[in-house]
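Taken in sequence, the protein lines are chains P and H.
Take any residue in the first sequence, count from 1 to its spot, add 12: that is its number in the working numbering.
Take any residue in the second sequence, count from 1 to its spot, add 124: that is its number in the working numbering.
Backbone N, C-alpha and C fix where the C-beta goes; we use that ideal spot for every residue, glycine too.
These numbers were taken from a predicted model, which means no experiment stands behind them.
Heads up: the structure comes next, in structure tokens.
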Amino acid sequence: MMRPSLLRALIGAVLGFAIGGGSLVLLGGGEMGPGQILGLGYLLALLGFLLGIGAFRFWWAWIAGGEVDPADEHAAHGAAGDWRRYLRFTTDHKVIGIQYLVTAFVLFLVAGLAAMFMRFELAQPGIQVNKDFYNTVMSTHGAMMITVALVSIIGGLGNFLVPLMIGTRDMAFPKANALSYWLLPLALLMVAINPLLGGFDSGWTAYPPLSQQANLGQQAYLMAFITIGVSSILSAINFLVTVFRMRAPGMTLFRMPIFVWAMTVTASLVLIATSVVAAAFTMLLFDRLLGTGFFRPSRGGDVILFQHLFWFYSHPAVYIMAVPGLGAILEIVPVFARKPLFAYPLAVASFIGIGVLSFMVWAHHMFVSGMADAFHIPIMFTTEVISVPTGIVFLSALGTIWLGRIRFATPMLFVFGFLAAFLVGGITGVYLADVPTDIVLSDTYFVVAHFHYTIVGGTIYGLFAGTYYWFPKLTGRMYSEGLGRLHFWWFSLAFHATFLPMFWLGIEGMRRRVADYPAEMGAVNLFVSFAALNIGLAVAVFVVNMVRSWRRGPATVANPWRAQTLEWQLASPPPVDNFEHQPTVSATPYQYGSAAAPSPGHPAP
Amino acid sequence: MPSPRRHLLTAAAAWAVLSVVSVALVAGIQILPEIASREAQVEDAAFVLLTAAAMPVLMFVLVGLAYSALRFRAGDDDDEDGPPIHGHGGVQAVWLGVSSLLVLGLFGYGAVGLLEIRGSEPADYVVEVVAEQWAWHFIYPDGTETKELHVPVDRRVRLDITSDDAIHSLWIPAFGIKQDAVQGRTTYASMTVTQPGTYGGMCAELCGLGHTGMTVTVVAQSMADLEAWLHDQPPVPE
């Protein structure tokens, strides 16, 4: 028997697609359209891929009544120093974390290239390339960047760090963890190749009826996102069980690092909300493929119902993206300010508050949709109230740096950049929560600017800060501080130069999701396109820094930042089995400035 | 090294000055590019108020960041920690209190504005709007159907909007209205236009290939002129 491998997975995917699609062609008697063929083909391709990569072999051995081969199980955990473990069904949470992180950054670059194309089309009034292709690229950029924001910190940093931070050997369900990752490659491939299937022009929001009419690329996107949703739910269950059942002795909930709290709240949101959007997308697929009428008024369906279901997930999703970033930032601030995290219990409470409120604000995306007027007032209220817990993050960060002894290494630069950008995102959000101003701003570039300030400001700045901060732990090597600083300043200047003018464009009346605009907005758009190109160049500096430092950076010590969380008490990178001795914990990891032990969580001797 | 109290007073003074200056700069300006209706006036006032309220918040965080970056920066060979302050009950309570009050105030103001724009005031004149990929149709009380939208000034006008296919959204920036057109439903937008003239409108909701070009000319005129114009329109072909 061939060993499970990526090659076998790809063969499995091709075979699965051929069996699924082929059987419909042969047995369908010409009734089956390309949508049905793609649908069953993709489903079986996904199954074939997972079989080929070996995702089910341990469970199958157990179901079949045989013994799980302990040697195989041990090998699946992955040997240190063997790069091929990254291309296999490896159950070590540190390997899975790096798989997620690298996948997310590759996706970030592809989606970034799509943004470069969009800014090329928008650099001048008139059509430079093609309106239809613009819509497909815009939709693909959105779909991919949403995925980056959803999986990069949670799947990447979260998987790598949470077991280390709570002092345990691995996630609660290592095999399900690997399965969550290996659900992604084929789904992401579907999103990437959607232009070959005719693309889709509905944006990532996929509102019907447009998404019912759109090409096969639309279906590829819907199927891919349902798959990503399944992966997210699996991963959320894993995080919750790990955090609640596997903490080291003495690690009470209120001694957990704030990043672990952020992941816990995020995982709860993922678990509760994701099935709703998966259901909405499935209903939409049924409308397209099986002739149902959930969202077809001509058959008694309702168009606005989709928007309610979609945003019931997709607004919490904004916090699913942002809260891990907030957690990473608050984890980093105390280390570089050399002060305890300010108001730690209140920060935890604010994460929980954000989590609860995030389920009550979805309809602020729908103030001009035609939903009942009576619904405007309560949603406006909850949306404005959620800025109170979100504001606590600023209290914690400012309270920590105030009177601190600040070191401006690259992670701390990104913390400051985060606070400035996320602040603008938060303030401009109030204009979109307030119905009178939202009527003007809905569907304009103001919205585009606002959500880039929150998601780049919240998630991507957090991701950069976290990637630099934990880079020595992940790789055992140090990044180049000079390139890090260059990346920060170039990226930040270019980011603000790109998105600040968009607020003005929106107020002046530039609609979002258009390939063309009035000629008098040409000069500002040209400036924005030039600035956007600089974002791309700044990210290239980051990529060079990461790739070079990972291969040839200077070896680092266990705890270069003198941080107090448990992961820094291990070697860099940590050994395969993490802790040689069970650590015990006696305080929060924020005891800076106290005469007490420099790190409250020692691996016991 | 100045005392903690001194740091606080210096930063607070910088914040106060910057807040007063920025609020003074914002107050009284017009933010919307064109205002031709009562609704647009309400919206512009909301923009100004939100911007004025945002300035002290913006300045608070920016001053806090800038001051810390300048004054609390450790030397290169300094490896000491800062003071072990884990929190401050008074500061936390004030922060929560002030941010809650600010939010409640903005909510109250927004609710009043919302009622002014979408209150239940009866309409004097109703035009039906039908959107399709990618054109607008306007049907007047006398049955006339046109491709341009003409509305009377100084009257309460309601647009009853629907769509034959995808979701569209009728946006007339100068009138401060934007409302989705949805298949299977009738949505509405009301306005009282105050300035006669010719304005632009467009579709604001992505509706496919022709979305960008789905624009419309809007004319606001006296009731008499509007009736004369309707009289001159060709009858709808059967």
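- Distance between P:L517 and P:F458, taken at the CA atoms: about 7 Å.
- Contact annotation: P:I270 and P:G339 have beta-carbon atoms nearer than 8 Å.
- In the DSSP assignment, P:P261 falls outside any alpha helix (DSSP H), carrying neither H nor E.
- In the displayed model, P:V347 falls within a helix according to three-state DSSP.
- The Cβ of P:F507 sits no closer than 8 Å to any Cβ of chain H.
- Residue range E493 to E520 is occupied by the alpha helix (DSSP H) that includes P:W516.
- Listed in chain order, the non-local C-beta contacts of P:G382 below 7 Å within the same chain comprise I316, local neighbours out to five positions each way being set aside.
- Taking the Cα positions, H:S346 is about 59 Å away from H:V215.
- If the five residues before and after P:I344 are omitted, its C-beta is found closer than 6 Å to the C-beta atoms of P423, V427, A477 and Y481, all from its own chain and listed in chain order.
- Short of 8 Å from the beta carbon of P:L134, and not among the five residues preceding or following it, lie these beta carbons of its own chain, in chain order: A527, Y529, N537, V540 and S541.
- By a beta-carbon distance limit of 8 Å, H:T336 contacts P:K143. Their separation comes to about 7 Å.
- Close CB contacts of H:S293 within its chain, under the 8 Å cut and outside five residues either way in sequence, are with K302, Q303, D304, A305, C327, A328 and E329 (chain order).
- Just so you know, the alpha carbons of H:A164 and H:A235 end up roughly 16 Å apart.
- For P:L63, the closest C-alpha among the options P:S17, P:R96 and P:G51 is that of P:S17.
- Under the Cβ criterion of 8 Å, H:K302 is counted among the residues facing chain P.
- Look at the segment 212-225 of chain H: the residues with a C-beta under 8 Å from a C-beta of chain P are H212, V215, Q216, W219, L220, S223 and S224.
- Counting along the chain, the unbroken alpha helix (DSSP H) around H:E163 starts and ends at R162 to R195.
- Legend: CB atoms of the segment 272-300 of chain H lying less than 7 Å from CB atoms of chain P belong to residues D289, A290, I291, S293, P297 and G300.
- Closest in alpha carbon position to P:Y356, among P:S584, P:M268, P:R350 and P:E520, is P:M268.
- Counting of Cβ neighbours within 10 angstroms places P:W95 among the exposed residues, the total staying below 16.
- Measuring C-alpha to C-alpha distances from P:V436 to each of P:L512, P:F379, P:G411 and P:M490 identifies P:L512 as the nearest.
- With respect to H:V250, H:I285 sits apart: the two C-beta atoms are not nearer than 8 Å.
- The C-beta of P:S454 comes closer than 8 Å to at least one C-beta of chain H.
- Considered as a whole, the segment 274-334 of chain H harbours 280-287, 292-296, 301-305, 311-316 and 321-327 as its complete beta strand (DSSP E) runs of no fewer than 3 residues, in chain order.
- Within chain H, the C-beta atoms nearer than 7 Å to that of P:I439 come from A178, V181 and L182, in chain order.
- When secondary structure is reduced to three states using DSSP, H:Q345 falls in the strand class.
- Under the rule that a run must span 4 or more residues, the alpha helix (DSSP H) segments found entirely inside the segment 61-128 of chain P read 69-75 and 82-88.
- Counting along the chain, P:I467 sits inside no beta strand (DSSP E), nor does DSSP assign it H or E at all.
- Ranked by how close their Cα comes to the Cα of H:Q357, the residues H:G199, H:A193 and H:L273 have H:L273 in first place.
- Contact check for P:I451 and H:I241: beta-carbon distance about 7 Å, within the 8 Å limit, so the pair qualifies.
- Look at H:E167: its C-beta is under 8 Å from a C-beta on chain P.
- Under the 8 Å criterion on CB atoms, P:V459 is classed as non-interfacial with respect to chain H.
- With the rule of 3 Cβ pairs closer than 8 Å, the segment 192-205 of chain P does not count as touching the segment 276-284 of chain P.
- Burial state of P:Q594 is exposed, judged by a 10 Å Cβ sphere holding fewer than 16 other Cβ atoms.
- Annotation: H:S127 to H:A135 spans about 13 Å, alpha carbon to alpha carbon.
- Using a Cβ-Cβ cut-off of 8 Å, H:T341 does not count as an interface residue toward chain P, since no Cβ of chain P sits closer than that to its own.
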